[in-house]
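Peer 1:
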Amino acid sequence: MARWTFQGHGGEIAARSWPVPRARYVAVLCHGYGEHIGRYERVAATLNDHGAAVYGHDHVGHGESAGERVLIADFEPVVENLHLLVKQAIEQNPDLPVVLIGHSMGGMIAARYAQEHADELAAVVLSGPVLGRWDVVGELLAQDPIPPTPIDPATLSRDPAVGSAYAEDPLVWHGDFRRPTLQAISEMLTTINAAGSVGELPLLYLHGEADELVPIGPSLEGLEAIRGPRTESRTYPGLRHEIFNETTKDEVLADVTAFVDRVLAAAPGSAVPELADAPTE
0 MARWTFQGHG GEIAARSWPV PRARYVAVLC HGYGEHIGRY ERVAATLNDH GAAVYGHDHV
60 GHGESAGERV LIADFEPVVE NLHLLVKQAI EQNPDLPVVL IGHSMGGMIA ARYAQEHADE
120 LAAVVLSGPV LGRWDVVGEL LAQDPIPPTP IDPATLSRDP AVGSAYAEDP LVWHGDFRRP
180 TLQAISEMLT TINAAGSVGE LPLLYLHGEA DELVPIGPSL EGLEAIRGPR TESRTYPGLR
240 HEIFNETTKD EVLADVTAFV DRVLAAAPGS AVPELADAPT E
């Protein structure tokens, strides 16, 4: 795993990559609100085993990146920070297809990215994405001052170890929502709904049916606004918000890699892809 920084909106952006020999595609991870890309080590390892060179970064105001904590007044520059990372990944892996994987707020960012930069992507995967509407945003904006809003670790996964690690992680934000961030989320959802379909870009939507943090109903409504002819969806009974950290995470990640295999196999001139060699230490 390699670490570096690049100059983005709001200052220095902390990035990571997990390379493999003879990668067959690039996977770019886009994390959610209040967390950081370091929480995706296991996801990156699974994708490495599947033949992906993996990239990710901490959003402005998150993790090890610059900026006031969890303060995002406009998400369009955050999308452009992601664009800078994708361009670096493409430069380092020329001619390889790129799959964008976004979780929660990162799913919202990835959806907007797919609307604006679909030509750079082979596919996009959305995990428990903030789409359509997020009712808690309107409820909190209606209050002055905004009440305490720390995320309950128990809403993340049925695995108590996930919640404990989250609660003890010093790079995770454990404080309250910022009003400008809530307003920016609301505005971005309006923008995504208005911009419409991702067109022919293959999209896989995944969501836990017991997600209390980003309820599935409004998110599925948002999916209909961006759905294209190659959009697929799967929901998981009993799973909470972080489906990549759930007790059945292997099943969920297998759905992701199977989707990627279908996309790569369907690409013009492609044969059924073979797995890359296992990554070396």
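Position 75 of the sequence shown, counted from 1, bears residue number 74 in numbering that gives the first Met the number 0, the numbering being contiguous throughout. We put the beta carbon where it would ideally sit given N, CA and C, even for glycine. Since this is a predicted model, take the numbers as computed values, not measurements.
Can you tell me whether GLU90 is buried or exposed? The criterion is at least 16 other CB atoms within 10 Å of its CB, across all chains shown.
Peer 2: In the sequence shown, the residue the question calls residue 90 occupies position 91. GLU90 comes out exposed.
Peer 1: Closer than 7 Å to a non-hydrogen atom of the ligand NAD - does that hold for the CB of ALA166?
Peer 2: Of ligands this structure carries none, so the ligand NAD is not represented either.
Peer 1: Per the contact definition of three or more C-beta pairs closer than 8 Å, is the region 42 to 55 in contact with the region 21 to 30?
Peer 2: Yes: the two stretches touch, three or more of their Cβ pairs being nearer than 8 Å.
Peer 1: Between which two residues does the alpha helix (DSSP H) containing PHE258 stretch?
Peer 2: The residue given as residue 258 occupies position 259 in the sequence shown. Here the alpha helix (DSSP H) through PHE258 covers 248 to 265.
Peer 1: Should ALA1 go down as buried or exposed, given a rule of 16 or more other Cβ atoms within 10 Å for buried?
Peer 2: As a working note, residue 1 is residue 2 in the sequence shown. Per the 10 Å Cβ criterion, exposed.
Peer 1: Which whole-angstrom value describes the C-beta separation of LEU205 and VAL124, a residue pair presumed to lie in contact below a C-beta threshold of 8 Å?
Peer 2: Taking the sequence shown and counting its residues from 1, one reaches residue 205 at position 206. Taking the sequence shown and counting its residues from 1, one reaches residue 124 at position 125. Contact holds; Cβ gap of about 7 Å.
Peer 1: Could you pull the DSSP bridge partners for GLY101 from this structure?
Peer 2: In the sequence shown, residue 101 corresponds to position 102, counting from 1. DSSP, once it has assigned bridges, lists CYS29, LEU125 as partnering GLY101.
Peer 1: Using 8 Å as the Cβ pair cut-off and three pairs as the minimum, do the region 251 to 267 and the region 108 to 125 touch?
Peer 2: Verdict: yes, contact present.
Peer 1: How would you label ALA110, buried or exposed, when you count the other beta carbons within 10 angstroms and need 16 or more for buried?
Peer 2: Counting from one through the sequence shown, the residue named residue 110 turns up at place 111. Flag for ALA110 reads buried.
Peer 1: Which residue spans inside the region 113 to 178 form an unbroken alpha helix (DSSP H) run of at least 4?
Peer 2: If we require 4 residues or more, the alpha helix (DSSP H) runs fully inside the region 113 to 178 come out as 134 to 140, 159 to 167.
Peer 1: Should the region 241 to 248 be called in touch with the region 157 to 174, which here means at least 3 C-beta pairs below 8 Å?
Peer 2: Touching, per the Cβ criterion.
Peer 1: Does the distance from the CB of GLY174 to the CB of MET104 come in under 8 Å?
Peer 2: The residue labelled residue 174 in the question sits at position 175 within the sequence shown. The residue labelled residue 104 in the question sits at position 105 within the sequence shown. Not in contact: GLY174 and MET104 (Cβ atoms no closer than 8 Å).
Peer 1: Could you tell me which of LEU200, THR190, THR234 sits nearest to LEU227, measuring between CA atoms?
Peer 2: Here residue 227 is taken as the residue at index 228 of the sequence shown, counted from 1. Per the sequence shown, the amino acid found at residue 227 is Gly instead of Leu. Among LEU200, THR190, THR234, the Cα nearest to that of GLY227 is on LEU200.
Peer 1: Who are the near neighbours of LYS248 in its chain, counting only those whose CB is closer than 8 Å to its CB and skipping five residues on each side?
Peer 2: For this step, residue 248 is matched to residue 249 along the sequence shown. Taken in chain order, the residues that qualify are ARG41, ILE242.
Peer 1: Would you decide whether LEU274 is buried or exposed? Buried here means 16 or more other CB atoms lie within 10 Å of its CB.
Peer 2: Here residue 274 refers to the residue found at position 275 when the sequence shown is read from its first residue. Bear in mind that a pLDDT of 38 at LEU274, under 50, signals an unreliable position, so the number given afterwards is only what the model happens to contain. Its Cβ having fewer than 16 others within 10 Å, LEU274 is exposed.
Peer 1: Closest to HIS102 by CA distance: which of ASP210, ALA117, TRP3, PRO93 is it?
Peer 2: As a first step, residue 102 is located in the sequence shown; it is residue number 103 there, counting from the start. Nearest of ASP210, ALA117, TRP3, PRO93 to HIS102, Cα basis: ASP210.
Peer 1: Using only the alpha-carbon positions, how far apart do PRO146 and ASN92 sit?
Peer 2: Looking up residue 146 in the sequence shown gives position 147. Looking up residue 92 in the sequence shown gives position 93. Between PRO146 and ASN92, the C-alpha separation is close to 46 Å.
Peer 1: Roughly how many whole angstroms lie between the Cα atoms of GLU250 and LEU238?
Peer 2: Here residue 250 refers to the residue found at position 251 of the sequence shown. Here residue 238 refers to the residue found at position 239 of the sequence shown. Taking the straight line from one Cα to the other gives about 12 Å.
Peer 1: In this structure, how does DSSP classify GLU199 when only helix, strand and coil are distinguished?
Peer 2: The residue you call residue 199 lines up with position 200 of the sequence shown. Reduced to three states, the DSSP call for GLU199 is coil.
Peer 1: Give the range of the beta strand (DSSP E) segment to which ALA13 is assigned.
Peer 2: As a position in the sequence shown, residue 13 is number 14, starting the count at 1. 10 to 17 is the extent of the beta strand (DSSP E) around ALA13.
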